[in-house]
Every structure is written in C-alpha cells, then in structure tokens.
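Enquirer: For the record, in the sequence shown the residue sitting at position 114 is 114 according to the UniProt record's numbering, with numbers rising by one throughout. Positions of the beta carbon are idealized from the N, C-alpha and C atoms, including for glycine.
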Amino acid sequence: AATKLASAEKLMYFCTDQLGLEQDFEQKQMPDGKLPVDGFLLCVDVSRGMNRNFDEQLKFVSNLYNQLAKTKKPVVVVLTKCDEGVERYIRDAHAFALGKKNLQVVETSARSNVNVELAFSTLVQLVDKSRGKAKIIPYFEALKQQSQQIAAAKDKYEWLVSRIVKSHHEAWPNVSRKMQPAPEFQDYVYLEGTLKAKKLFLQHVQRLKQEHIERRRKAYLALLPQALDALVPDLDEIDHLSRAKAEKLLEAKPDFLKWFVVLEETPWDATGHVDDVDNERIPFDLLETPAAEQLYEAHLEKLRNERKRAEMRRAFRENLESSPFVTPGKPWEEARSFIMNEDFYQWLEEPVYMDIYGKHQKQLIDRAKEDFQELLLEYSELFYELELDAKPSKEKMGVIQEVLGEEQRFKALQKLQAERDALVLKHIHFVYHPTKETCPSCSACVDARVEQLLGSRFIRPAERQHRNPLGDANVDRINLVILGKDGLARELANEIRALCTNDDKYVIEGKMYELALRPIEGNVRLPVNAFQTPTFQPHGCLCLYNSKESLSYVVESIEKSRESAAGRRDGHAAQLPLTLVLVNKRGGGGGEGGGETLQSLIQQGQQIASKLQCVFLDPASAGIGYGRNINEKQIGQVLKGLLDAKRNLNLVVASSTSSGLKEAGEADLRVVMCLMCGDPVSADEVLLPILQAQPCRPAPGGGGAV
Numbered sequence: 001a002a003t004k005l006a007s008a009e010k011l012m013y014f015c016t017d018q019l020g021l022e023q024d025f026e027q028k029q030m031p032d033g034k035l036p037v038d039g040f041l042l043c044v045d046v047s048r049g050m051n052r053n054f055d056e057q058l059k060f061v062s063n064l065y066n067q068l069a070k071t072k073k074p075v076v077v078v079l080t081k082c083d084e085g086v087e088r089y090i091r092d093a094h095a096f097a098l099g100k101k102n103l104q105v106v107e108t109s110a111r112s113n114v115n116v117e118l119a120f121s122t123l124v125q126l127v128d129k130s131r132g133k134a135k136i137i138p139y140f141e142a143l144k145q146q147s148q149q150i151a152a153a154k155d156k157y158e159w160l161v162s163r164i165v166k167s168h169h170e171a172w173p174n175v176s177r178k179m180q181p182a183p184e185f186q187d188y189v190y191l192e193g194t195l196k197a198k199k200l201f202l203q204h205v206q207r208l209k210q211e212h213i214e215r216r217r218k219a220y221l222a223l224l225p226q227a228l229d230a231l232v233p234d235l236d237e238i239d240h241l242s243r244a245k246a247e248k249l250l251e252a253k254p255d256f257l258k259w260f261v262v263l264e265e266t267p268w269d270a271t272g273h274v275d276d277v278d279n280e281r282i283p284f285d286l287l288e289t290p291a292a293e294q295l296y297e298a299h300l301e302k303l304r305n306e307r308k309r310a311e312m313r314r315a316f317r318e319n320l321e322s323s324p325f326v327t328p329g330k331p332w333e334e335a336r337s338f339i340m341n342e343d344f345y346q347w348l349e350e351p352v353y354m355d356i357y358g359k360h361q362k363q364l365i366d367r368a369k370e371d372f373q374e375l376l377l378e379y380s381e382l383f384y385e386l387e388l389d390a391k392p393s394k395e396k397m398g399v400i401q402e403v404l405g406e407e408q409r410f411k412a413l414q415k416l417q418a419e420r421d422a423l424v425l426k427h428i429h430f431v432y433h434p435t436k437e438t439c440p441s442c443s444a445c446v447d448a449r450v451e452q453l454l455g456s457r458f459i460r461p462a463e464r465q466h467r468n469p470l471g472d473a474n475v476d477r478i479n480l481v482i483l484g485k486d487g488l489a490r491e492l493a494n495e496i497r498a499l500c501t502n503d504d505k506y507v508i509e510g511k512m513y514e515l516a517l518r519p520i521e522g523n524v525r526l527p528v529n530a531f532q533t534p535t536f537q538p539h540g541c542l543c544l545y546n547s548k549e550s551l552s553y554v555v556e557s558i559e560k561s562r563e564s565a566a567g568r569r570d571g572h573a574a575q576l577p578l579t580l581v582l583v584n585k586r587g588g589g590g591g592e593g594g595g596e597t598l599q600s601l602i603q604q605g606q607q608i609a610s611k612l613q614c615v616f617l618d619p620a621s622a623g624i625g626y627g628r629n630i631n632e633k634q635i636g637q638v639l640k641g642l643l644d645a646k647r648n649l650n651l652v653v654a655s656s657t658s659s660g661l662k663e664a665g666e667a668d669l670r671v672v673m674c675l676m677c678g679d680p681v682s683a684d685e686v687l688l689p690i691l692q693a694q695p696c697r698p699a700p701g702g703g704g705a706v
C-alpha cells in the first residue's frame, strides 16, 4: 500500500514471453529514483481455487482495502478469472464493493482478454478527472463484444493468409514477415496473440496439403482403370484370383513400371512422391485403399459384362442365321418378335441389335443377289430374242418372271422386287453390251483386273529409267546377302571385304565388279534384317551354319523371307539363288564330336540344300581352321554363279520378248506375269507356248494382237 517506490535501473517488460529473450526487444528501463503511486487495482480471484476459502480471501481483501483507503488514492476492484468465475463469489465481491464509498468494480478475464484494458482506463479516469468517464461493461456482455471482434479479426486474418500462402511448403517465419505490415495481421495478433496466429497459419498449410494429396489421389484413381485395362484386359487371367495374387500378377507384367511405382516407404501420401508432380505413375500401395479396391471390382464387373454382351451378340447372330423367319429384305419390325427374347433386352440396347440385324440383312441380300445373278446366267435363253437397246415389254417381263418364279433363288428376293427387276434389266444390258462397266462382277471383272495388273506392273520405255533407279548400275554390281547366326555372317563379311579393293570392288574373270554385302544374323521379318531394302536388291544369298541350331536358323529365315516375298508378290525375292555352306566351329577342325558329328552336319546340310533347291559347299571336310573356312577361290565361285544367274535371267526375258512379241503403240513388254494373280512366271513354261498361239482377239484401237 506504499505510495512511493524505489526502482533504480530496473528493466521493464510486458509479458513473461520476453523473459530470457530481453535482447530481442526494445531495452527500456524504469525511471531512476522515487516512483510515486497514483492509484491501485485491487484484484480479487473469483474462480474456484484448490484448498482456498473465498470468505477468508474476501476478509483479506477487506483488510487490504482498509490500508489502501488510508492513502487517499483512487482504488478500482478488479474481479479476475471471470471466465471460470463462481456466481456466488462474484455476487459477494460486488456486495463488498457496494459497502464502500465510490468503489467501482470491473469484471475481467486475462485469458480471454476481456475488460483488461477497461480496468486500467477506469483507474486512469479516477486519477485524471479531465478524462471522460469510462463505461463499465459486465463480463458476459463484454465477452460477447470481444468474441464478435475476435471473429471479425479472425476472418480478415484468414483471408490474408489464404491470399499470401498458396503452397503447403511455406514456413511461418517467412510468411509472418510478409504479413507484418498488414493491419489484418496486427489486429488479430493484438487480440489473440502470435501463437494463435501461427496456429491458424499451420491449419491453413495442413489444409493445402490435404487438398494437394486429394487431387493426386483423384488423379491416380482416374488413371487406375486405364492401367487395369492395359495390364489385365483378359477376364480369364484374373477372374478367380484373390486380391494379393492379382497384385503379384500386375507386378509381373512387362509394362507394370509404365503405370505403377513401388515406393520404399508407405503410405504414399506421407512420402515425397506426393510432391513429385512430374511422376504421374500410380503408387502401388494405393491399391490397398477401399477406393482402389472398388475400382478393381468395377474392372472385373466390366470385363464380365463385356463378355456377357459379346455372348449375347454372338447368340443373336446365331439366332439370325438359324431362324427361318429372317429372309432378305424383311424389316426389323417384322422380324423382331420372332428372334428377340428377354435375355437379349437385358444385356444390350435395341439399337445394337438393329445394327447387327442390318449387317446380317446386307449379307443375306448380297448373297441372294449373287445367287439370282447365277440364276439369270443359267436361263440365258430367255434373253436371246429381246430387241437391242430396247426395254423389255411388260409381257416379256411377265414371261421371265413366270419362268423363274418357281426357283428358290427368285423367291428369295420376294421383298425386294424393285431391286430384283433392276437386276434383270442390268443383266439384259450386259447380255447385249458385255463390257467391264456392265459386268455384274463389277471390280472383280477379269477385264478390269487385267487392266489394273498391267497398269501397276507395266513399264513403258520412257518410265523404265525413272521406275528402276538401279537400272544399268546393276550390270556391274553384285548384291550379296550373308545369312548366319552367332557372328558367322559378320565374320565372313569381314573376310570377303579384306579380299576387296579399297573401294569395295572385286575382280571376277578379269572384270571389276562392285560388291555390296549385307550380313544378317537376326529375325528377317524385322525391317533392319530384311533381305531387300529400298536401296538394296539382293542377287543371291550365302547361308552359313556350323551347328544344328544355326542350320535351323537358316531354314527358318529362308522360309520367312519367301513368305514375305509371296505376300509382296515379289517373284525375284522368292526365287533368290542360295548357296549353303558348312563352316567349322571356332577353334578348328573336328571339335568335340569328331568326324561323326561333322559327317552328321554334312548330311543335314545336303538334305536342306536339296529341300531349298540350292548349292551346297562343304569346305569344312578339309579340316581347315575357322579363319579359312571359305577361301578366295570358293568365294569367287559363289560370286560367279550369282553373276551367271543374273545374266541368264536377263537373256531369257530379252530373247522371249524379241522373238515373239510385237510392240503395240508405245508398249514395250519386258515382263511375263500371271494375269490372274500378277506373279512373275517362268518364261520357259508359259511364255513360249503363248507366243506360238494365235491371238484371240484384236487389241483395242487396232494396235496389234493381244
């Protein structure tokens, strides 16, 4: 109760948070010397304390007040901890104040920051009468006002945080420095403190992180059906598997790592994979979640439904094919009641069945038209007496229909009478004007087919140089394919190149030839291992083997090459000259199997050579080491044989065309081909008999015989 205090050089502080951190705040000391006291705040704790009697406390407060009253200084009674206050204690404290003259009471809560400033301002007004009198507000009313003020400040502060903080990686020190000048930040910190401001910031950051995780989760779940479709599209593979076995099956798929990533740590949303935005692969442990399990079950159900729908479509088609009620031209409305049942409607919509029915009807109608066309050809005598370029009369059409009426092929088009009559008229036109335009076979007409084949394969003199860029260059050039497994082809190619000049030229019978080698050791169906390329037209193939496996590779490769040539209708590639050569294994002559093994390989090679109709060389029987399996003389023999084969082919075609064919206009026929399939054929077997035959009809325009 003293009114004069001594506090020389005492450091001021505002709250206990500054203790131990004094250097971080403004250094301000209390005034030196005597400090006069102008008034007192008499605090009364109205909460329920442990082992404390409020009546005794109030008696102590009363005695203390008596001491303060002697100082003649103003006094304000402050009821503290009103947020936990006991109603009786508060009532007794007010009763105590009423018994004293001019004693004002302020209900406060430091924890809720309610009326704390009001207590001091009330005392200041009593000290300085010039100030306006403060209005004392009861605790609960003040608490309501305080709550409203805090709520408004909180809304503004949260708006500020959401505007500044866009990433869940933001840290409080950096963000608090950015927000320091903002009044929204200052007001909220003033009302609630820095800790609560930081707590709201952390809540916002956590919310951003959860939103980010949820976006990634949705993206993964949206991608999961595509991954399942790509990895396990077959129902039979997964229909009866447990979830654990299904996951193992997924991991064994070749494209598993294209769709999934297996993380060292789990769960995935607690790892750095959450922030790896460039990696869109699905965390594998996501499959353990209920949402992923539902998608997997949905995938299974989709496959089952697809299978059932496919079965329904197949059953419906079979029903169409077996039903006697489905005839050409019958509308869907008429046929539906005969062919539909409840199961069909359960699994597929009616438009699907209508589409299937439409396609089936087209097949029926096309087949019926073909059969009717055959019928017209069989009754060709009906059309002999018709006038040329004249439409048949009603009577004549009636006669035709009467004659054909008992035929089932005529009745099949009963619901398509207009089209049937059109076919009759078209047939009449064809009988008197048999051209490829009026032919019932349309594009399958032999005349049209011949023109197409000649147009695609016929080479005019002016076009030959343009269409065959190899042209005359092939005369002095030999293109050789070397086929062998496990390095055989490459090593022999290197040995042959060693015998060539620096510019890959090789001398045969005193003449220089350009030699191009193409060693092949892989799958010949791949473009990189193809016998023929746009810039390489092979003249022959040298096939090497030194074991049963390498011989099998040669046979398979030749068969694949011939199949490819047949698919391209390339007769030259299909009849490519071959030479089969047995070479010794690395390390020398006999090998482990001795002469018996070598003899077995020779016999197998001879059998294969006979099957492939090619030449067989056996340099290995001489026991020469691997590096000299084929010597220079034998290489020259192989190349000379290829060169002779080239010359013979050119001579056969040239002599055949010059001896028996005449030019028709600009035509210069150099190629012999089958007119039905377009494949080149043997001149000896086909060309000469044709040349000796009489022309069947004059060529169009009178340009010579065809």
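Could you check which residue in 633, 298, 454 has the C-alpha nearest to that of residue 509?
Expert: The candidate whose alpha carbon is nearest that of residue 509 is 633.
Enquirer: What does the Cβ neighbour count give for residue 443, buried or exposed, with the cut at 16 atoms within 10 Å?
Expert: Burial call: exposed.
Enquirer: Look up residue 506 in the DSSP assignment and say whether it is helix, strand or coil.
Expert: Strand at residue 506.
Enquirer: By alpha-carbon positions, which one of 166, 60, 198, 169 ends up nearest to residue 180?
Expert: The shortest Cα separation from residue 180 among 166, 60, 198, 169 belongs to 198.
Enquirer: Do residue 371 and residue 412 count as a contact pair if the criterion is CB distance below 8 angstroms?
Expert: Yes. Within cutoff.
Enquirer: When the Cα atoms are used, what is the spatial distance from residue 511 to residue 450?
Expert: Each residue's alpha carbon lies about 43 angstroms from the other.
Enquirer: Can the beta-carbon of residue 488 be found less than 8 angstroms from the beta-carbon of residue 544?
Expert: In this structure, residue 544 lies closer than 8 angstroms to residue 488 by Cβ.
Enquirer: Roughly how many whole angstroms lie between the Cα atoms of residue 3 and residue 44?
Expert: If you take the alpha carbons of residue 3 and residue 44, they lie about 21 angstroms apart.
Enquirer: I need the straight-line Cα distance from residue 660 to residue 379, nearest angstrom please.
Expert: With a pLDDT of only 41 at residue 660, under 50, the local geometry of the prediction cannot be trusted, and the value read off the model is given with reservation. Their Cα atoms are separated by approximately 41 angstroms.
Enquirer: Going by beta carbon distance, what residues of the same chain come within less than 6 angstroms of residue 17, once the five residues before and after it are set aside?
Expert: Result list for residue 17: empty, nothing under 6 angstroms.
Enquirer: Whole angstroms is fine: what's the gap from residue 19's alpha carbon to residue 25's?
Expert: Whole-angstrom Cα-Cα distance: 10 angstroms.
Enquirer: Is DSSP giving residue 75 helix, strand or coil here?
Expert: Correct three-state label for residue 75: strand.
Enquirer: Does the stretch 76-92 come within contact of the stretch 47-67, defined as at least 3 CB pairs closer than 8 angstroms?
Expert: Counting Cβ pairs under 8 angstroms, three or more are found: they touch.
Enquirer: In terms of alpha-carbon separation, which member of 204, 409, 520, 155 lies closest to residue 175?
Expert: Selected option, being the one with the closest Cα: 204.
Enquirer: In angstroms with no decimal places, state the Cα-to-Cα distance between residue 1 and residue 195.
Expert: Roughly 36 angstroms separates the two Cα atoms.
Enquirer: From the DSSP output, in three-state form, read off residue 672 for me.
Expert: Bear in mind that the predicted position of residue 672 carries a pLDDT of just 48, short of 50, making it too unreliable to give a figure here.
Enquirer: Once the 5 residues before and after residue 284 are set aside, which same chain residues still bring their CB inside 6 angstroms of it?
Expert: Excluding residues within five positions, the ones whose Cβ falls inside 6 angstroms are 260, 262.
Enquirer: Any idea what DSSP makes of residue 34, helix, strand or coil?
Expert: DSSP places residue 34 in strand when its eight states are reduced to three.
Enquirer: Can you check DSSP and say which residues form a bridge with residue 542?
Expert: Note: residue 542 sits in a beta bridge opposite 482, 579.
Enquirer: May I ask you to report which of helix, strand or coil DSSP gives residue 359?
Expert: DSSP places residue 359 in helix when its eight states are reduced to three.
Enquirer: Residues bridged to residue 772 by DSSP?
Expert: There is no way to answer for residue 772, as the model of the chain reaches only from 1 to 706.
Enquirer: Specify, as a first and last residue, the run of the beta strand (DSSP E) that residue 515 falls within.
Expert: Run containing residue 515: 511-520, per the beta strand (DSSP E) assignment.
Enquirer: Check whether the stretch 106-114 and the stretch 73-84 are in contact - that is, three or more C-beta pairs closer than 8 angstroms.
Expert: Flag = yes, the stretch 106-114 and the stretch 73-84 touch.
Enquirer: For the candidate residues 637, 326, 352, 427, whose alpha-carbon lies nearest to that of residue 376?
Expert: Cα-wise, what sits closest to residue 376 is 427.
Enquirer: Give a yes or no on whether the C-beta atoms belonging to residue 513 and residue 477 are separated by under 8 angstroms.
Expert: Yes. Within cutoff.
Enquirer: Among the residues of its own chain, which have a CB less than 8 angstroms from the CB of residue 641, if the five just before and after it don't count?
Expert: Cβ neighbours of residue 641 beyond the five flanking positions: 540, 577, 579, 615.
Enquirer: Taking residue 353 and residue 344 to be in contact with their CB atoms under 8 angstroms, please state how far apart those CB atoms are, rounded to whole angstroms.
Expert: Contact holds; Cβ gap of about 6 angstroms.
Enquirer: When the Cβ atoms of the stretch 317-337 are set against those of the stretch 237-254, are three or more pairs found closer than 8 angstroms?
Expert: In short, these stretches do not touch, since the Cβ pair count stays below three.
Enquirer: Within the stretch 110-161, note down every full alpha helix (DSSP H) run reaching 4 residues or more, in order along the chain.
Expert: With a minimum length of 4 residues, the continuous alpha helix (DSSP H) runs that stay inside the stretch 110-161 are 116-127.
Enquirer: With a 10 Å radius around its C-beta and 16 neighbouring C-beta atoms as the bar for buried, classify residue 483 as buried or exposed.
Expert: It is buried - the Cβ of residue 483 has at least 16 other Cβ atoms within 10 Å.
Enquirer: How many Å lie between residue 313 and residue 361 at the Cα?
Expert: One C-alpha to the other measures close to 15 angstroms.
Enquirer: Which two residues bound the contiguous alpha helix (DSSP H) that contains residue 491?
Expert: 488-499 is the extent of the alpha helix (DSSP H) around residue 491.
Enquirer: Considering only C-alpha positions, which residue in the set 39, 374, 211, 339 is nearest to residue 5?
Expert: Checking every option, the nearest Cα to that of residue 5 belongs to 39.
Enquirer: Based on the DSSP secondary-structure assignment, which residues constitute the bridge partners of residue 283?
Expert: Bridge partners of residue 283: 261.
Enquirer: Is it buried or exposed for residue 52, if we count other Cβ within 10 angstroms and need 16 for buried?
Expert: With fewer than 16 other Cβ atoms within 10 Å, it is exposed.
Enquirer: What three-state label does DSSP hand residue 445 in the structure shown?
Expert: Correct three-state label for residue 445: coil.
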